[in-house]
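Engineer: After the structure tokens below, expect a handful of questions from me.
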Amino acid sequence: MKRFIAIWLARWPTDCRRRPSADTPFALTCEESGGIRLYSVDAAAAMLGLEAGMTLANARAMVPNLAVAPATPERDEDRRRMLADWCGRFSPWCALDDGDGIRLEITGVAHLFGGEEKMLSLMLAKFQKMRITAQFGLTDTPAVAWAAARFAGQEIMIVPPGAGTAFMADLPVRALRLDEKTVAGLEKVGLRKVSDLYDLPRAPLELRFGRQLLSRLDQVSGQEAEPISPLRPAAAFRTRLSWPDPIGLLSDIEAAADELAVALCRQLERHGKGARRLELALYRADGEVIHITFGTSAPSRDARHMIRLLGEKLPDIDIGFGVDAMIFSALETAPQQMHQSGFVSMQKAEASGSAADGQQAFSQLVDRLASRIGAGHVFRLVPFDSHDPERAFAVVPAMTPPVNGRWPARQPRPVRLLPVPERMKMMFEGPRPARYAWRQEEGGVSALEGPERISPEWWRLALETRDYFRLEAASGQRFWIFAAPSVRGAKPLRDQQWYMHGFFG
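Sequential numbering from 1 applies to the sequence shown in the UniProt record's numbering.
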């Protein structure tokens with residue numbers, strides 16, 4: 001059976017503002033037609049009879065020492081979203097609830113905190129430490145949890161499984177989250193409690209009060225689901241650590257991250273998965289959350305590699321007054337087969353036809369570069385189906401998931417290709433080339449291998465066939481050159497036009 005927590009932030013607008021002092025009555029104001037009115041009041045002001053909607057003039061007459069500040073609804077909403085993000089330490093399924101609450105699904109989570117009662121007590125203590133007024137309701141459905149938080153009249157209300165309908169029976173119809181017009185209409189005909197609606201025929205109720213009333217009743221009983229759309233994607237794989245007292249040393253945070261990474265990799269291994277995108281969330285004692293997100297160019301469950309990537313970012317974070325919880329999540333995963341690291345080097349592994357070790361080392365190098373200079377600045381080449389050397393590859397971001405494609409087995413290709421082939425001279429002694437000249441460079445020719453004839457695709461009529469050669473200079477350099485096809489014909493090599501196109505080393 002599912003379980004939900006509703007958190008009612010009864011005085012959120014004033015709680016998230018700095019007040020002159022805890023004892024001074026404090027209120028937020030807004031301008032409306034007819035003057036300035038109170039938008040929200042704190043507990044001290046409420047005890048003196050002030051309430052939202054009063055004019056500021058009347059409030060001042062009742063409480064002369066009232067401290068006021070203009071309301072900032074948009075900023076309050078941003079801070080409520082930040083608080084909901086912080087509540088993600090208790091459950092990944094966390095969302096905003098109406099305009100003054102937060103909702104969590106804790107199915108299968110409460111045992112991590114010692115049970116539901118201990119979990120809510122811990123949450124209440126955390127909120128009180130942050131000076132946030134909150135009431136908690138926990139039950140089988142979001143609808144009953146919402147009502148329990150707001151109408152039970154106590155800080156923590158846990159409704160046992162299956163008892164939601166009975167709990168709602170004596171609550172006012174307003175606890176069904178109905179609009180004011182519907183509430184007034186129900187009270188007008190004497191339907192004041194939720195139990196007054198239980199045994200009434202549904203068709204007349206819908207005809208008079210609309211479909212929303214029946215929908216709310218079905219949500220109470222669980223016949224109509226209320227899915228939660230979490231603020232952040234809920235990760236299938238995540239590990240967490242928490243401490244009674246905050247930790248503040250970087251070495252302690254690094255040790256905790258290492259422990260989390262090892263545990264996460266064990267989870268991934270059991271399911272045959274590797275992480276493609278990871279996130280480390282650090283929950284500060286003051287309610288702030290630090291999210292460190294990074295990716296891998298290939299699926300990975302190497303804890304040492306993950307910690308190495310985190311090591312680039314952890315020294316730069318601001319941990320404030322300390323961190324009392326950390327969660328390490330794999331936000332995106334992909335299948336990854338088991339791999340036994342070999343005792344051979346990368347070159348030998350590739351030569352023997354098994355490049356797994358070399359590919360893993362290359363992927364980890366890409367990840368470190370992306371972590372240091374940004375993923376948007378690291379690219380790799382992938383094969384493109386074309387005979388034309390300039391079009392035989394594509395440049396893609398290095399973190400792009402690999403495609404099922406291999407580089408075609410052709411003649412050796414240069415490691416660097418000029419964007420545009422450049423004219424060069426070839427000087428012959430008899431039928432064999434003796435020297436070359438390109439730009440300001442001139443040298444002797446030790447060997448010339450070729451030709452390798454490369455023709456464009458048949459539909460690209462504007463291009464012509466090229467004859468490519470591998471030239472080895474007397475200095476040891478190796479170049480990729482070709483003869484211009486326009487004058488190739490039956491003429492000897494010495495009479496053709498030559499172009500420099502690439503370098504082998």
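Yeah, the Cβ is synthetic: ideal placement off N, Cα and C, and Gly gets one too.
(1) Measure the CB-CB distance between Arg150 and Trp12 and report whether it falls below 8 Å.
(2) Using 8 Å for Cβ pairs, my map puts Ala256 next to Ile307. What's the rounded Cβ distance?
(3) What three-state label does DSSP hand Ser329 in the structure shown?
(4) Measure how close the beta-carbons of Ile253 and Leu205 come, nearest whole angstrom, since I'm counting them as under 8 Å.
(5) Looking at Cys87 and Ile102, is the spacing between their C-beta atoms short of 8 Å?
(6) How is the alpha helix (DSSP H) around Gly185 delimited, first residue to last?
(7) Of the residues Leu369, Cys16, Arg266, Val445, which one's Cα is nearest the Cα of Arg131?
(8) Would a C-beta distance cut-off of 8 Å place Val189 and Met168 closer than the cut-off?
(9) How would you call Asp140, buried or exposed, if buried means at least 16 neighbouring beta carbons within 10 angstroms?
(10) Among the residues of its own chain, which have a CB less than 8 Å from the CB of Ser363, if the five just before and after it don't count?
(11) Enumerate, from N- to C-terminal direction, the unbroken beta strand (DSSP E) stretches of 3 or more residues contained entirely within the UniProt domain "UmuC" (37-149).
(12) To the nearest angstrom, how far is the alpha carbon of Ala84 from that of Leu231?
(13) If you scan the stretch 366-399 from start to end, which runs of the beta strand (DSSP E) of 3 or more residues do you find wholly inside it?
(14) With burial defined as no fewer than 16 other Cβ atoms inside 10 Å of the residue's Cβ, what is the status of Ile373: buried or exposed?
(15) Out of curiosity, what's the CA-to-CA distance linking Thr465 and Leu471?
(16) Enumerate in chain order the residues of its own chain whose CB-to-CB distance from Arg211 is below 7 Å, with the five nearest sequence positions on each side excluded.
(17) Just verifying my parser: in three-state terms, what is the DSSP assignment at Ile156?
(18) Which runs of the beta strand (DSSP E) fall wholly inside the stretch 446-503 and span at least 3 residues, in chain order?
(19) Excluding the 5 residues preceding and the 5 following Pro433 in the sequence, name in chain order all residues of the same chain whose CB lies nearer than 6 Å to its CB.
(20) Under three-state DSSP, which class holds Ser251?
(21) Measuring straight from C-alpha to C-alpha, what distance separates Asp316 and Ile290?
(22) Specify the secondary structure class of Ser352 as computed by DSSP and reduced to three states.
(23) Under three-state DSSP, which class holds Ser242?
(24) Got a sec? Which residues, its chain only, sit under 8 Å from Phe428 by beta carbon, not counting five neighbours each side?
(25) Between which residues of its own chain and Pro246 is the CB-CB distance below 7 Å, once the five residues before and five after are set aside?
(26) Among the candidates Leu381, Val183, Trp407, whose CA atom is the shortest distance from the CA of Leu171?
(27) Check the DSSP bridge columns for Ile290 and list the partner residues they point to.
(28) Could you tell me the alpha carbon to alpha carbon distance between Glu66 and Gln219, rounded to whole angstroms?
(29) Touching or not, the stretch 108-121 and the stretch 23-33, by the rule of three or more beta carbon pairs under 8 Å?
(30) Below 8 Å on the Cβ atoms is my guess for Arg276 versus Ala236; work out the distance and round it to an integer in Å.
(31) Relative to the C-alpha of Gly450, which candidate in Gly430, Pro456, Ile481, Ala473 has its C-alpha closest?
(32) Quick one: what does DSSP say Arg202 is sitting in, helix, strand or coil?
(33) Going by the beta-carbon positions, is the gap between Pro414 and Phe328 smaller than 8 Å?
(34) Kindly indicate the opening and closing residues of the alpha helix (DSSP H) around Arg435.
(35) Per DSSP, what are the beta-bridge partners of Lys2 in this structure?
(36) Roughly how many whole angstroms lie between the Cα atoms of Met62 and Glu31?
Structural biologist: According to the structure shown:
(1) The count along the sequence shown starts at 1 and reaches residue 150 at position 150. The count along the sequence shown starts at 1 and reaches residue 12 at position 12. Their beta carbons are not under 8 Å apart, which means Arg150 does not touch Trp12 by this criterion.
(2) The count along the sequence shown starts at 1 and reaches residue 256 at position 256. The count along the sequence shown starts at 1 and reaches residue 307 at position 307. So it is not a contact: roughly 11 Å between Cβ atoms.
(3) Here residue 329 corresponds to residue number 329 of the sequence shown, with the count starting at 1. The answer is strand: DSSP assigns Ser329 an E or B state.
(4) As a first step, residue 253 must be located in the sequence shown, where it is residue number 253. As a first step, residue 205 must be located in the sequence shown, where it is residue number 205. About 57 Å separates the CB atoms of Ile253 and Leu205; that is not less than 8 Å, and the two are not in contact.
(5) Locating residue 102 in the sequence shown gives position 102, counting from the first residue. Locating residue 87 in the sequence shown gives position 87, counting from the first residue. Yes, the Cβ-Cβ distance between Ile102 and Cys87 is below 8 Å.
(6) As a position in the sequence shown, residue 185 is number 185, starting the count at 1. Taken as a continuous stretch (DSSP letters only), the alpha helix (DSSP H) holding Gly185 covers 180-188.
(7) Residue numbering aside, residue 131 sits at position 131 when the sequence shown is read from its first letter. Closest option to Arg131, judged by alpha-carbon separation, among Leu369, Cys16, Arg266, Val445: Cys16.
(8) Translated into the one-based positions of the sequence shown, residue 189 becomes position 189. Translated into the one-based positions of the sequence shown, residue 168 becomes position 168. No.
(9) In the sequence shown, counting from the first residue as 1, residue 140 sits at position 140. Counting C-beta atoms within 10 angstroms of its own C-beta, Asp140 has 16 or more neighbours from the protein chains shown and is therefore classed as buried.
(10) The count along the sequence shown starts at 1 and reaches residue 363 at position 363. Only Thr296, Ser297, Ala298, Ser300 meet the Cβ criterion.
(11) For the beta strand (DSSP E) assignment, the uninterrupted runs of no fewer than 3 residues enclosed by the UniProt domain "UmuC" (37-149) are, from N- to C-terminal side, 67-70, 93-97, 101-105, 135-139.
(12) Along the sequence shown, one-based indexing puts residue 84 at 84. Along the sequence shown, one-based indexing puts residue 231 at 231. Computed Cα separation, rounded: 8 Å.
(13) List check, beta strand (DSSP E) in window: 379-383, 393-397.
(14) The count along the sequence shown starts at 1 and reaches residue 373 at position 373. Ile373 should be labelled exposed.
(15) On the sequence shown, position 465 is the one that residue 465 refers to. On the sequence shown, position 471 is the one that residue 471 refers to. So the two alpha carbons sit approximately 19 Å from each other.
(16) Indexing the sequence shown from 1 puts residue 211 at position 211. Contacts found: none.
(17) In the sequence shown, counting from the first residue as 1, residue 156 sits at position 156. The three-state secondary structure of Ile156, taken from DSSP, is strand.
(18) If we require 3 residues or more, the beta strand (DSSP E) runs fully inside the stretch 446-503 come out as 466-473, 478-483, 498-503.
(19) If you number the sequence shown from 1, residue 433 lands on position 433. Hits under 6 Å: Met426, Val445, Leu448.
(20) Here residue 251 refers to the residue found at position 251 when the sequence shown is read from its first residue. Three-state DSSP puts Ser251 in a helix.
(21) Counting from one through the sequence shown, the residue named residue 316 turns up at place 316. Counting from one through the sequence shown, the residue named residue 290 turns up at place 290. The straight-line gap from Cα to Cα measures roughly 11 Å.
(22) Here residue 352 corresponds to residue number 352 of the sequence shown, with the count starting at 1. Model confidence at Ser352 stands at a pLDDT of 48, short of 50, so the residue's coordinates are unreliable; what they give is reported in the following sentence. It is coil, neither helix nor strand.
(23) Along the sequence shown, read from residue 1 onward, the residue named residue 242 stands at position 242. Secondary structure at Ser242: strand, using DSSP grouped into helix, strand and coil.
(24) Residue numbering aside, residue 428 sits at position 428 when the sequence shown is read from its first letter. So the list reads Ala434, Leu493, Arg494, once near-sequence residues are dropped.
(25) Counted from its first residue, the sequence shown places residue 246 at position 246. Contacts found: Ala285, Phe321, Gly322, Val323, Asp324.
(26) As a first step, residue 171 is located in the sequence shown; it is residue number 171 there, counting from the start. Of the listed residues, the one whose Cα sits closest to Leu171 is Val183.
(27) For the purposes of this step, residue 290 is taken as residue 290 along the sequence shown, with counting starting at 1. Its beta-bridge partners are Leu282.
(28) As a first step, residue 66 is located in the sequence shown; it is residue number 66 there, counting from the start. As a first step, residue 219 is located in the sequence shown; it is residue number 219 there, counting from the start. In the sequence under discussion, the amino acid at residue 66 is Leu, which differs from the Glu named in the question. Cα-Cα distance, rounded: 42 Å.
(29) With a cut-off of 8 Å, the stretch 23-33 and the stretch 108-121 do not count as touching, because too few Cβ pairs lie within range.
(30) As a position in the sequence shown, residue 276 is number 276, starting the count at 1. As a position in the sequence shown, residue 236 is number 236, starting the count at 1. Contact doesn't hold; Cβ gap of about 13 Å is too wide.
(31) Within the sequence shown, the letter at position 450 stands for residue 450. Distance check between Gly450 and each of Gly430, Pro456, Ile481, Ala473 places Ile481 closest, using alpha-carbon atoms only.
(32) Mapped onto the sequence shown, residue 202 falls at position 202. In the structure shown, Arg202 sits in a helix (DSSP, three-state: H, G or I).
(33) Sequence index remark: in the sequence shown, residue 414 carries index 414 (1-based). Sequence index remark: in the sequence shown, residue 328 carries index 328 (1-based). No, these two residues do not count as a Cβ contact at 8 Å.
(34) Counted from its first residue, the sequence shown places residue 435 at position 435. DSSP places Arg435 outside any alpha helix (DSSP H); the residue lies instead in the beta strand (DSSP E), whose first and last residues are 432-438.
(35) Here the question's residue 2 lines up with position 2 in the sequence shown. Per DSSP, Lys2 has no beta bridge partner at all.
(36) Translated into the one-based positions of the sequence shown, residue 62 becomes position 62. Translated into the one-based positions of the sequence shown, residue 31 becomes position 31. Taking the straight line from one Cα to the other gives about 20 Å.
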